[in-house]
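Trainee:
Numbering (the numbering used here), first residue to last: 3 to 409.
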């Protein structure tokens, strides 16, 4: 019996979320953690089992101090619901088939088409999806497709044009494929991944900042992703931080923050100022992600060891980034900031440098928290899938849940 997420009650989504975050649980544990009555849990587990979303996995470990039968454990099935997640970068497009646990059941990477028009993008993605679904058996558990795309230059330089293109792409693919299709920019996709998959991240209000070729942010308020009036929130990378003689940006302006802090600019600075290799620096636009990641990990490792050239590069980047973060904190009154990049574990140096910049820029006594978390290698594509799968989940911190609702 196929159940659409819109048909699930809040108690059903509460049980799904508890199992997604905690793994196998007994009915008693579900009742306690979800603040639900025993009868409610029994009914909900039965309904979700009939829908193929929950299954009985065995019994809990025995307790020698207690008598009686051991409790049954329940968990999410690995085959329902499923989603295809797609991360479109300027050079490569990655697709995965995954479930609520984040298991990668199938994966495929292909070269991204040159985004010359909306039609070229639509046909490219439709062909990729059809080929992927024909190659991999997905069964009846597929609930939809989530896609993360670049916010600028895909194909237009203007945010509004690209937003309209995303909306049209979503509608066009949904009609052709006859299923739920959600399209967001890459950064918002990864922010959704952080919200639902980072077990240690407990903030309800936070700003996630992604540093890749572009720099963007996802803003969460009361647990919900804030999109803005026109769906264009979060383009922090296009705040102009070098107003005079800045490097040209792909958005059409110059001196945007991403032209200073974006990973290709950091890579170029690393080649010129640390390695003193002009030929390698000239090839920065052609470098693949593995090359970029290895170089940036080395840059931050050298900077953390105190090598002067590397430390200057990272400090300059932190100063530009820190000012933009300070503006964000002052305007939004959201003080929890999480930053991710391909900088390896030594990227934690950013926390220290940003703290110093924020202390100089923010109002005295301002409260804030800055954390660096290295990118999950598949976080963007898992986040794209969660654009669809999150409809089965609920924020457990919400106080509007009626755990005694009539099922």
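Think of the CB as a built atom: it goes at the ideal place given N, C-alpha and C, for glycine as much as any other residue.
The model shown is predicted, which means the values in this text are computed figures rather than measured ones.
1. Exposed or buried, what is residue 20 when buried is set at 16 or more other beta-carbons lying within 10 Å of its beta-carbon?
2. Spell out the partners DSSP gives residue 374 in its beta bridges.
3. Along the chain, where does the beta strand (DSSP E) containing residue 184 start, and where does it finish?
4. Please classify residue 265 as buried or exposed, where buried requires at least 16 other C-beta atoms within 10 Å of its C-beta.
5. In chain order, which beta strand (DSSP E) runs of at least 3 residues are fully inside the region 35 to 102?
6. Among all the DSSP beta bridges, which residues are the ones paired with residue 208?
7. Just the Cα atoms here: how many angstroms apart are residue 353 and residue 335?
8. Tell me, to the nearest whole angstrom, how far the beta carbon of residue 398 is from that of residue 83; I am working on the premise that it is less than 8 Å.
9. Given this structure, state the Cα-to-Cα distance separating residue 96 from residue 90, to the nearest angstrom.
10. Using a 10 Å radius around the Cβ and a threshold of 16 neighbouring Cβ atoms, would you call residue 356 buried or exposed?
11. Determine which residues share a DSSP beta bridge with residue 242 and list them.
12. When DSSP labels each residue in this structure, what does residue 115 get in the three-state scheme?
13. Out of curiosity, what's the CA-to-CA distance linking residue 401 and residue 394?
14. Can you tell me whether residue 198 is buried or exposed, with buried defined as 16 or more other CB within 10 angstroms of its CB?
15. Helix, strand or coil for residue 151? Go by DSSP, reduced to three states.
16. Output the boundary residues of the alpha helix (DSSP H) element that contains residue 130.
17. Measuring alpha carbon to alpha carbon, tell me which residue in 267, 368 and 59 is nearest residue 294.
18. Mark residue 316 as exposed unless 16 or more other C-beta atoms lie within 10 angstroms of its C-beta, in which case mark it buried.
19. When we look at the beta-carbon of residue 205 and count the other beta-carbons within 10 Å, is it buried (16 or more) or exposed?
20. Do residue 47 and residue 474 count as a contact pair if the criterion is CB distance below 8 Å?
21. Select from 363, 214 and 228 the residue whose C-alpha is nearest the C-alpha of residue 289.
22. When you measure from the CB of residue 164 to every non-hydrogen atom of the ligand SAM, does any distance come out below 7 Å?
23. Classify residue 213 as helix, strand or coil using the three-state DSSP reduction.
24. Using 10 angstroms around the beta-carbon of residue 167, count the other beta-carbons present and answer buried if the total reaches 16, otherwise exposed.
25. Does residue 53 come within less than 8 Å of chain C when only Cβ atoms are used?
Mentor: Reading off the structure:
1. buried
2. 341
3. 182 to 187
4. buried
5. 56 to 61, 74 to 78, 84 to 90 and 94 to 101
6. 222
7. Approximately 19 Å, taken between the alpha carbons.
8. Not really, about 19 Å apart at Cβ, beyond 8 Å.
9. Taking the straight line joining both Cα atoms gives about 7 Å.
10. buried
11. When DSSP reads this structure, residue 242 sits in a beta bridge with 258.
12. coil
13. Low confidence applies to residue 401: its pLDDT is 46, below 50, so where it sits in the model is not reliable, and the reading given next is rough at best. The straight-line gap from Cα to Cα measures roughly 18 Å.
14. buried
15. strand
16. Per DSSP, the unbroken alpha helix (DSSP H) holding residue 130 starts and ends at 120 to 137.
17. 267
18. buried
19. Under this definition residue 205 is a buried residue.
20. Here the chain comprises residues numbered 3 to 409, so residue 474 is not present and cannot be evaluated.
21. 214
22. The model depicted lacks the ligand SAM and carries no ligand whatsoever.
23. The DSSP-derived three-state label of residue 213 is strand.
24. buried
25. Chain labels in this structure do not include chain C; a single protein chain is all it has.
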